[in-house]
Amino acid sequence: MKAQLRHIYYKYIAPKALVLMYHRVAEPESDVWEVAVSSANFEQQLQVLKQYYRVVPLKEMVERLKNGVVERNTIAITFDDGYVDNYQTAKPLLEKYCLPATFFITSGNVGQQKEFWWDELEHLILFSESLPAVMDLEVAGASIAFNLEEEAQLTQSLRQQHKAWKSCEQEPPSKRSLLFYRLWEKLKPLPVSEQQAALQKIRDWAGAAASARPDCRSMSREELKDLGQGELFDLGAHTVSHAALAYHAPQFQEKEIEENKCFLEEIAQKRIDLLTYPYGNYNNETMAIAERVAFAAAFTTEEKAVIRNANRYRLGRFQVKNMAAPEFKKQLQLWKYSI
Numbered sequence: 001m002k003a004q005l006r007h008i009y010y011k012y013i014a015p016k017a018l019v020l021m022y023h024r025v026a027e028p029e030s031d032v033w034e035v036a037v038s039s040a041n042f043e044q045q046l047q048v049l050k051q052y053y054r055v056v057p058l059k060e061m062v063e064r065l066k067n068g069v070v071e072r073n074t075i076a077i078t079f080d081d082g083y084v085d086n087y088q089t090a091k092p093l094l095e096k097y098c099l100p101a102t103f104f105i106t107s108g109n110v111g112q113q114k115e116f117w118w119d120e121l122e123h124l125i126l127f128s129e130s131l132p133a134v135m136d137l138e139v140a141g142a143s144i145a146f147n148l149e150e151e152a153q154l155t156q157s158l159r160q161q162h163k164a165w166k167s168c169e170q171e172p173p174s175k176r177s178l179l180f181y182r183l184w185e186k187l188k189p190l191p192v193s194e195q196q197a198a199l200q201k202i203r204d205w206a207g208a209a210a211s212a213r214p215d216c217r218s219m220s221r222e223e224l225k226d227l228g229q230g231e232l233f234d235l236g237a238h239t240v241s242h243a244a245l246a247y248h249a250p251q252f253q254e255k256e257i258e259e260n261k262c263f264l265e266e267i268a269q270k271r272i273d274l275l276t277y278p279y280g281n282y283n284n285e286t287m288a289i290a291e292r293v294a295f296a297a298a299f300t301t302e303e304k305a306v307i308r309n310a311n312r313y314r315l316g317r318f319q320v321k322n323m324a325a326p327e328f329k330k331q332l333q334l335w336k337y338s339i
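Shown next as structure tokens:
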């Protein structure tokens with residue numbers, strides 16, 4: 001009975017705050033993971049937040065939580081990974097409405113003309129005009145044997161299917177998309193050196209050079225410095241290589257987190273004390289490391305509101321999809337009851 005009452009209290013009565021998770025403000029050729037919001041929809045979402053909520057810096061929300069305080073109707077905005085569109089498109093719109101945000105940066109690609117491995121893999125498999133019909137590669141110690149058959153050649157119909165595919169809502173609609181998903185699953189848990197070796201094998205199989213689309217790059221040091229040293233925005237840690245931390249030993253996890261933290265502190269010239277787990281992937285060792293290296297809080301991708309008794313090293317966030325103002329308003333109301 002006590003447990004039931006506690007659940008009712010926290011779900012319907014207790015004050016709750018929301019942390020929103022964005023990745024990109026862009027319109028890429030495809031958005032398999034639904035991480036991109038168009039600039040028009042992003043601006044509509046900011047207008048909703050400005051009118052109906054109190055948007056606070058994430059560090060302020062965490063500081064209040066440390067003191068046992070959660071304020072109703074408060075929201076914090078976060079971005080993961082560090083795509084250049086965060087600087088070119090999101091930053092001016094956030095400044096227009098004077099809304100603070102925290103940008104969680106994967107530092108391994110900073111200042112390099114290269115893409116995140118998942119973007120390159122998606123582009124290579126889903127949109128190459130021509131691929132070999134048969135793949136027979138060893139990836140991460142496992143054999144990948146796959147026959148694309150007639151899909152070796154990209155048709156207009158296939159292109160449209162791939163543009164429309166949302167992996168969280170639909171099964172892979174084609175052989176190419178199934179191959180992409182299987183390869184993504186194989187590469188995700190690997191350390192970056194093995195990811196890059198596997199990606200090179202896939203490039204060689206496809207007869208393709210490394211992809212470096214300008215709109216898929218990470219922010220530069222100068223862009224990060226401009227963000228991190230201003231008053232409206234903060235930088236946060238997101239590992240060096242976007243590692244799926246729970247797959248790795250504690251020593252590897254700590255190195256990924258600490259090196260990323262030090263890199264960002266040197267750029268921002270201020271303490272970096274907030275962390276997000278790449279892919280939302282973590283374990284008990286990850287949380288212990290986050291606390292030991294003096295992060296004030298760490299965030300998952302679990303959809304749950306911030307409540308007074310929340311564990312500060314497994315706080316939830318809500319991924320915002322590409323929706324206009326009316327749907328966004330409804331979604332915010334629903335998220336208030338997620339604990």
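Throughout the sequence shown, residue numbering follows UniProt numbering, covering 1 to 339 in sequence. All residues carry an ideal CB built from backbone N, CA and C; glycine is no exception.
Per DSSP, residue 126 is one residue of the alpha helix (DSSP H) stretching across 117-127. Listed in chain order, the non-local C-beta contacts of residue 123 below 7 Å within the same chain comprise 211, local neighbours out to five positions each way being set aside. As computed with DSSP, residue 155 is found in no beta bridge at all. Per DSSP, reduced to three states, the secondary structure at residue 243 is coil, with no helix or strand assignment. Per DSSP, residue 289 is one residue of the alpha helix (DSSP H) stretching across 284-292.
Residue 233 carries a strand assignment under DSSP once its states are collapsed to helix, strand and coil. By the CB criterion at 8 Å, residue 239 and residue 265 fall outside the cutoff. With respect to residue 339, residue 307 sits close: the two C-beta atoms are nearer than 8 Å. A Cβ-Cβ distance of about 13 Å is found for the pair residue 163 and residue 34, leaving them out of contact under the 8 Å criterion. DSSP places residue 192 inside the alpha helix (DSSP H), whose first and last residues are 192-206. For the 8 Å CB-CB criterion, residue 26 and residue 215 form a contact.
One alpha carbon belongs to residue 160, the other to residue 30, and they sit about 9 Å apart. Closest option to residue 228, judged by alpha-carbon separation, among 86, 54, 72, 172: 86.
Here residue 94 is buried: its Cβ has 16 or more other Cβ atoms, across all protein chains shown, within 10 Å. The beta carbons of residue 119 and residue 276 sit no closer together than 8 Å. When secondary structure is reduced to three states using DSSP, residue 211 falls in the coil class, being assigned neither helix nor strand.
CA-to-CA, the gap between residue 209 and residue 116 works out to about 15 Å.
Remark: C-beta atoms of residue 221 and residue 110 approach each other more closely than 8 Å. Counting along the chain, residue 260 sits inside the alpha helix (DSSP H) bounded by residues 250-268. Buried is the label assigned to residue 261, since at least 16 other Cβ atoms lie within 10 Å of its Cβ.
The beta carbon of residue 178 sits closer than 7 Å to those of 172, all from its chain and outside the five residues before and after it, given in chain order.
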